[in-house]
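In our numbering, each residue's number is its place in the sequence shown (first place is 1) plus 1381.
Report on the following structure.
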Amino acid sequence: MSERRVNFGLWYDFRNPAPSAVSFEQLYRQSLDQIAWAETLGFDSVWLTEHHFCEDGYTPSPLVLAAAIGERTSRMRIGTNLMLLPLADPVRLAEDAAAVSILTGGRFDLGVGLGYRALEFDYFGRRLNHRPSLMEEGIDIIRQAWSGSPVTIEGKRYRIDGLPVAPVPAEAPRLLMGGMAEPAIARAARLGDGFLSTGGIGHDLYIKALQEQGKERSQGVICAGNWMIVAPDPEAEAARIGEHVLYQANQYISWGAFGPPESVPLFRDAASAIEGGLYELCDADGAVANLTQMLTDYPEIADVHFWAQFPGESVESGSRRIEYLASEVLPNVRNDLKLGR
1382 MSERRVNFGL WYDFRNPAPS AVSFEQLYRQ SLDQIAWAET LGFDSVWLTE
1432 HHFCEDGYTP SPLVLAAAIG ERTSRMRIGT NLMLLPLADP VRLAEDAAAV
1482 SILTGGRFDL GVGLGYRALE FDYFGRRLNH RPSLMEEGID IIRQAWSGSP
1532 VTIEGKRYRI DGLPVAPVPA EAPRLLMGGM AEPAIARAAR LGDGFLSTGG
1582 IGHDLYIKAL QEQGKERSQG VICAGNWMIV APDPEAEAAR IGEHVLYQAN
1632 QYISWGAFGP PESVPLFRDA ASAIEGGLYE LCDADGAVAN LTQMLTDYPE
1682 IADVHFWAQF PGESVESGSR RIEYLASEVL PNVRNDLKLG R
């Protein structure tokens, strides 16, 4: 039996809310330095996410950053968790993703999702109720574009007749799909090369959807975006970075990430955000136990990645948790589960 492999990685949104002590130029430079350093510590992957028209600069151009990260690293896989496919021209997205795959020697994975912010859809001229068809036809177009054959589709949203798309990457990226609602998770099981989860939401639904489609669990792949906060004294760490955690949670709620904003109340303070949100406070022993249990329960998990830092938190502050994960958590999880490197 081959040795199981699980990647452990870092997740970035490059947000820089006001009042900030650093420029975006400094934040980007420091973050790229951090990613290159994390690779030397044994982290296996880095993940980028996408939103537009955010005052804090939430990453609007993850593929540009992915190419830059590819130049600063030699081993890490680089992925998006996630990009907003319904907002994109799928042919152009396929071209750009192919270029990143070529530049990184096949180390790139393209993760996509539906999106939910009306502001973004309005500007890009898309309708929220068209998201499922934009997603499904977009997936079809991207796969055709990477096949080397001309793209042809006669759909609800796209009509393309024999369009040649090049260059074709020697190794096509995995096409991963995310979501928190049951239909989106079922779509990931049906069409994706894997499922991008958020805070552990949807693992059971993904397994159920695989089985309902006549697929074996072993055919499933989960890349798990983890919201755990791991530190030697997790309660003290939560108090130290609480304002940044609260900002992240309430921004997502106000945008509608967890349902209509009018029906999902904002958290009143950091303590309530941590207690009632997706966050989990752990020291090294707790993190090892939780990760080992999750990876045992879900052998489909191929990657677990953690927020490198929270919005407005300094890179130096996030680096302390990264080093603690690398020295006190990941080696023990790998050893307990006999994971390959």
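Where is the CB? At the ideal position from N, CA and C, for every residue including glycine.
- Query: First and last residue of the beta strand (DSSP E) that includes residue 1392?
  - Reply: Within the sequence shown, residue 1392 is the residue found at index 11, counting from 1. Note, residue 1392: beta strand (DSSP E), 1388-1393.
- Would you list the residues sitting across from residue 1684 in a DSSP beta bridge? On the sequence shown, residue 1684 is found 303 positions in, with the first residue counted as 1. According to DSSP, residue 1684 bridges with 1388 and 1604.
- Query: Using a Cβ-Cβ cut-off of 7 Å (strictly less than) and excluding sequence neighbours within five positions of residue 1454, which residues of its own chain qualify?
  - Reply: Counted from its first residue, the sequence shown places residue 1454 at position 73. Closer than 7 Å at the Cβ level, and outside the excluded window around residue 1454, lie 1416, 1417 and 1420.
- Item | Straight-line Cα distance separating residue 1562 from residue 1672 | The count along the sequence shown starts at 1 and reaches residue 1672 at position 291. The count along the sequence shown starts at 1 and reaches residue 1562 at position 181. Residue 1672 and residue 1562: Cα-Cα distance of roughly 24 Å.
- Check whether residue 1512 and residue 1529 have beta carbons under 8 Å apart: Locating residue 1512 in the sequence shown gives position 131, where the first residue counts as 1. Locating residue 1529 in the sequence shown gives position 148, where the first residue counts as 1. It is not a contact, given that the beta carbons lie outside the stated cut-off.
- Check the Cβ-Cβ distances between residue 1634 and every residue of chain B, and say whether any is below 8 Å. Looking for chain B here will not work: only one protein chain is present.
- Item | Separation of residue 1392 from residue 1344, as counted between CA atoms | There is simply no residue 1344 to check, as the chain begins at 1382 and stops at 1722 in what is shown.
- Message: Output needed for residue 1630: all residues of its chain with C-beta closer than 7 Å, excluding positions within five of it in sequence on either side, in chain order.
- Response: Residue numbering aside, residue 1630 sits at position 249 when the sequence shown is read from its first letter. 1648, 1654 and 1658.
- Item | For residue 1717 and residue 1382, the rounded distance between their alpha carbons | If you number the sequence shown from 1, residue 1382 lands on position 1. If you number the sequence shown from 1, residue 1717 lands on position 336. With a pLDDT of only 49 at residue 1382, under 50, the local geometry of the prediction cannot be trusted, and the value read off the model is given with reservation. The straight-line gap from Cα to Cα measures roughly 17 Å.
- Of all the options 1437, 1390 and 1596, which has the alpha carbon lying nearest to the alpha carbon of residue 1632? As a working mapping, residue 1632 is identified with position 251 in the sequence shown. Comparing Cα-Cα distances from residue 1632 to each of 1437, 1390 and 1596, the minimum goes to 1437.
- Counting only runs of 3+ residues fully inside the segment 1576-1644, write out the beta strand (DSSP E) ranges in chain order. 1603-1607 and 1609-1611
- CA-CA distance, residue 1546 and residue 1400? Locating residue 1546 in the sequence shown gives position 165, counting from the first residue. Locating residue 1400 in the sequence shown gives position 19, counting from the first residue. For residue 1546 and residue 1400, the distance between alpha carbons rounds to 44 Å.
- Message: At the level of alpha carbons, what is the spacing between residue 1394 and residue 1626?
- Response: Stepping through the sequence shown from its first residue, residue 1394 is reached at position 13. Stepping through the sequence shown from its first residue, residue 1626 is reached at position 245. About 13 Å.
- Message: Looking at residue 1660: is its Cβ nearer than 8 Å to the Cβ of residue 1584?
- Response: Here the question's residue 1660 lines up with position 279 in the sequence shown. Here the question's residue 1584 lines up with position 203 in the sequence shown. Cβ distance not < 8 Å, so residue 1660 and residue 1584 don't count as in contact.
- Message: Quick check: the Cα distance between residue 1381 and residue 1560, rounded to an integer number of angstroms?
- Response: Residue 1381 lies beyond the residue range present for the chain, which begins at 1382 and ends at 1722; the question has no answer from this structure.
- Item | Beta-carbon gap between residue 1507 and residue 1457 smaller than 8 Å | One-based indexing of the sequence shown puts residue 1507 at position 126. One-based indexing of the sequence shown puts residue 1457 at position 76. Taking 8 Å as the Cβ cut-off, residue 1507 and residue 1457 do not qualify as a contacting pair.
- Task: For residue 1544, count neighbouring C-beta atoms within 10 Å of its own C-beta (all shown protein chains included) and say buried if the count is 16 or more, exposed if not.
- Result: The residue labelled residue 1544 in the question sits at position 163 within the sequence shown. With fewer than 16 Cβ atoms within 10 Å of its Cβ, residue 1544 is classed as exposed.
- beta strand (DSSP E) runs contained entirely in the segment 1485-1529, provided each spans 3 or more residues: 1489-1494
- Pairing CB atoms from the segment 1425-1440 with CB atoms from the segment 1470-1484, are three or more of them under 8 Å? no
- Task: Evaluate the contact criterion for the segment 1698-1706 versus the segment 1608-1624: three or more CB pairs, one atom per stretch, below 8 Å.
- Result: yes
- residue 1684 beta carbon less than 8 Å from that of residue 1390: Locating residue 1390 in the sequence shown gives position 9, counting from the first residue. Locating residue 1684 in the sequence shown gives position 303, counting from the first residue. Cβ distance < 8 Å, so residue 1390 and residue 1684 count as in contact.
- Item | Under 8 Å between C-beta atoms of residue 1505 and residue 1468 | For this step, residue 1505 is matched to residue 124 along the sequence shown. For this step, residue 1468 is matched to residue 87 along the sequence shown. Cβ distance < 8 Å, so residue 1505 and residue 1468 count as in contact.
- Query: In chain order, what residues of the same chain lie with their CB nearer than 8 Å to the CB of residue 1578, ignoring the 5 residues before and after it?
  - Reply: For the purposes of this step, residue 1578 is taken as the residue at position 197 of the sequence shown. Closer than 8 Å at the Cβ level, and outside the excluded window around residue 1578, lie 1559, 1584, 1587, 1603, 1604, 1605 and 1606.
- Task: Just the C-alpha distance for residue 1484 and residue 1448, rounded to the nearest angstrom, thanks.
- Result: By one-based count along the sequence shown, residue 1484 stands at place 103. By one-based count along the sequence shown, residue 1448 stands at place 67. Approximately 7 Å between the Cα atoms of the pair.
- Would you report the Cα separation of residue 1628 and residue 1712, rounded to the nearest angstrom? By 1-based counting over the sequence shown, the position of residue 1628 is 247. By 1-based counting over the sequence shown, the position of residue 1712 is 331. In a straight line, the C-alpha of residue 1628 is about 31 Å away from that of residue 1712.
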